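In our numbering, the protein residues as written are 78 to 368.
Even glycine gets a Cβ: it sits at the ideal position worked out from N, Cα and C.
Please read these numbers as outputs of a predicted model, since none were measured by experiment.
Down below is the structure, laid out as structure tokens.
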């Protein structure tokens, strides 16, 4: 059984990087004899030479190169573990990842993020917009906190309602559908034109909201693209009221109220139940009142 220590790996790596025991000892702030002892002891435990000492300048052997390649990963993992321990001790995250549904009014989040950045300037915050994938991103530990609609896995997630988003069915006011006689402006006629739908960020064939099976479809990856395509008269679809209310008021978009196809979606802020929460994530979580 090997009893390899992190100190041994660090000593060998330092010798490899600096080219000598003397320079390695200076880099590690250790006695030269201590570095030599660690590397020699490591070689005895492994059963093969890590360094070729036949010349004045020690060279890493092929076996040593192979060991060094794998040991880099060990040191990286150890460094990450040290960082995580510091996080637990300080309770201030070094980085925080968060996903937000594309239909959520992002302006509601900006003041929260700004306050967090002002209070914890050393924390790097990654904010990612997604479509119908927030729950999966959270479960796969791709993000620490997520804001999305329709919580399914309520056993593993902690969540609270933070409001609703109104989705309204709209079409460009100069779309050819609106040129039809009023009596012919039916859903069946509308379905002959492309419905602009958003594709899930993480592909999910079963996760669809407001997609009509009878209609032609044009898939896009984000809400702004969907809005632009509809604005340019290339299709129709449902969009959050908060991003189209000005266009409806100005008359560039028409709200198809008569089809009664609008919807109101509950929005949630969620996290994994047993996940550690530092001060930054806790501050963001507490900034949203349960509704």
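(1) Helix, strand or coil: which one does DSSP assign to residue 243?
(2) CA-CA distance, residue 256 and residue 307?
(3) Please check the pair residue 101 and residue 108, which I expect to be a contact at CB under 8 Å, by giving their CB distance rounded to whole angstroms.
(4) Quick one: is residue 93 buried, meaning 16 or more other Cβ sit within 10 Å of its Cβ, or exposed?
(5) Pick from 113, 152 and 121: whose alpha carbon is nearest that of residue 83?
(6) What whole-angstrom Cβ distance do residue 294 and residue 271 have, given they're in contact under 8 Å?
(7) Write down every uninterrupted run of the alpha helix (DSSP H) in the stretch 138-209 whose length is 4 residues or greater and which is fully enclosed by it, in chain order.
(8) Please classify residue 301: does DSSP put it in a helix, a strand, or coil?
(9) So, using beta-carbon positions, are residue 241 and residue 343 closer together than 8 Å?
(10) Tell me, please, whether the stretch 195-207 touches the stretch 326-334 by the rule of three or more beta-carbon pairs shorter than 8 Å.
(11) Considering just the uninterrupted stretch of the beta strand (DSSP E) at residue 233, what are its terminal residues?
(12) State buried or exposed for residue 348, treating a residue as buried only when at least 16 other CB atoms are found within 10 Å of its CB.
(13) For residue 80, which residues in the same chain have their Cβ closer than 8 Å to its Cβ, ignoring the five residues on either side in sequence?
(14) Here's the rule: buried if 16 or more other CB atoms are within 10 angstroms of the residue's CB, otherwise exposed. What is residue 166?
(15) May I ask you to report which of helix, strand or coil DSSP gives residue 349?
(16) Kindly indicate which three-state DSSP category residue 99 falls into: helix, strand or coil?
(17) Using the beta-carbon count (16 or more within 10 Å), is residue 120 buried or exposed?
(18) Looking at the structure shown, is residue 108 part of a helix, part of a strand, or coil, going by DSSP?
(19) Can you tell me which residues form a DSSP beta bridge with residue 315?
(20) Assuming residue 350 and residue 233 are in contact, meaning their beta carbons sit under 8 Å apart, how far apart are those beta carbons, in whole angstroms?
(21) Where does the unbroken alpha helix (DSSP H) through residue 212 begin, and where does it stop?
(22) When you compare the CB positions of residue 181 and residue 224, do they come within less than 8 Å of one another, or not?
(23) When burial is assigned at 16 or more other CB atoms within 10 Å of the CB, is residue 315 buried or exposed?
(24) What whole-angstrom Cβ distance do residue 116 and residue 174 have, given they're in contact under 8 Å?
(25) Assign residue 141 to buried or exposed, taking buried as 16 or more other Cβ atoms, counted over all protein chains shown, within 10 Å of its Cβ.
(26) Among all the DSSP beta bridges, which residues are the ones paired with residue 224?
(27) Can you give me the start and stop residues for the alpha helix (DSSP H) that residue 359 sits inside?
(28) Note the first and the last residue of the continuous beta strand (DSSP E) segment covering residue 330.
(29) Identify the continuous alpha helix (DSSP H) that holds residue 264 and give its terminal residues.
According to the structure shown:
(1) As a working mapping, residue 243 is identified with position 166 in the chain shown. Three-state DSSP puts residue 243 in a strand.
(2) Translated into positions along the chain shown, residue 256 becomes position 179. Translated into positions along the chain shown, residue 307 becomes position 230. If I take the Cα positions, the gap works out to 16 Å.
(3) In the chain shown, the residue the question calls residue 101 occupies position 24. In the chain shown, the residue the question calls residue 108 occupies position 31. The pair is not a contact, with the Cβ atoms about 11 Å apart (cut-off 8 Å).
(4) As a first step, residue 93 is located in the chain shown; it is residue number 16 there, counting from the start. Its Cβ being crowded by 16 or more others within 10 Å, residue 93 is buried.
(5) Along the chain shown, read from residue 1 onward, the residue named residue 83 stands at position 6. For the residues 113, 152 and 121, the minimum Cα distance to residue 83 belongs to 152.
(6) Here residue 294 refers to the residue found at position 217 when the chain shown is read from its first residue. Here residue 271 refers to the residue found at position 194 when the chain shown is read from its first residue. So it is a contact: roughly 6 Å between Cβ atoms.
(7) 139-167 and 187-196
(8) Within the chain shown, numbered from 1, the residue matching residue 301 stands at position 224. Looking at residue 301 - three-state DSSP - the assignment turns out to be helix.
(9) Counting from one through the chain shown, the residue named residue 241 turns up at place 164. Counting from one through the chain shown, the residue named residue 343 turns up at place 266. In contact: residue 241 and residue 343 (Cβ atoms closer than 8 Å).
(10) Taking one beta carbon from each stretch, the stretch 195-207 and the stretch 326-334 have fewer than 3 pairs nearer than 8 Å; the two do not touch.
(11) Locating residue 233 in the chain shown gives position 156, counting from the first residue. Where residue 233 is concerned, there is no enclosing beta strand (DSSP E), given that its DSSP letter is neither H nor E.
(12) For the purposes of this step, residue 348 is taken as the residue at position 271 of the chain shown. With 16 or more Cβ atoms within 10 Å of its Cβ, residue 348 is classed as buried.
(13) Residue 80 sits at position 3 when you count from the first residue of the chain shown. 122.
(14) Locating residue 166 in the chain shown gives position 89, where the first residue counts as 1. Counting Cβ neighbours within 10 Å, residue 166 comes out exposed, since fewer than 16 surround it.
(15) To locate residue 349, count along the chain shown from 1; it is residue 272. Correct three-state label for residue 349: strand.
(16) Taking the first residue of the chain shown as 1, we reach residue 99 at position 22. The answer is helix: DSSP assigns residue 99 an H, G or I state.
(17) Here residue 120 corresponds to residue number 43 of the chain shown, with the count starting at 1. Label assigned to residue 120: buried.
(18) As a first step, residue 108 must be located in the chain shown, where it is residue number 31. Of the three classes helix, strand and coil, the one that applies to residue 108 here is coil, per DSSP.
(19) Within the chain shown, numbered from 1, the residue matching residue 315 stands at position 238. Bridge partners of residue 315: 246.
(20) As a working note, residue 350 is residue 273 in the chain shown. As a working note, residue 233 is residue 156 in the chain shown. Contact holds; Cβ gap of about 6 Å.
(21) By one-based count along the chain shown, residue 212 stands at place 135. Note, residue 212: alpha helix (DSSP H), 211-216.
(22) For the purposes of this step, residue 181 is taken as residue 104 along the chain shown, with counting starting at 1. For the purposes of this step, residue 224 is taken as residue 147 along the chain shown, with counting starting at 1. In contact: residue 181 and residue 224 (Cβ atoms closer than 8 Å).
(23) Indexing the chain shown from 1 puts residue 315 at position 238. Buried, because 16 or more other Cβ atoms sit within 10 Å of the Cβ of residue 315.
(24) As a working mapping, residue 116 is identified with position 39 in the chain shown. As a working mapping, residue 174 is identified with position 97 in the chain shown. Rounded, the Cβ-Cβ distance is 39 Å, inconsistent with contact.
(25) Sequence index remark: in the chain shown, residue 141 carries index 64 (1-based). Buried is the label assigned to residue 141, since at least 16 other Cβ atoms lie within 10 Å of its Cβ.
(26) On the chain shown, residue 224 is found 147 positions in, with the first residue counted as 1. Per DSSP, 177 and 346.
(27) Here residue 359 is taken as the residue at index 282 of the chain shown, counted from 1. Run containing residue 359: 356-363, per the alpha helix (DSSP H) assignment.
(28) For the purposes of this step, residue 330 is taken as residue 253 along the chain shown, with counting starting at 1. It spans 330-332 - the beta strand (DSSP E) in which residue 330 sits, taken as one unbroken run.
(29) Stepping through the chain shown from its first residue, residue 264 is reached at position 187. Per DSSP, residue 264 belongs to the alpha helix (DSSP H) from 264-267.
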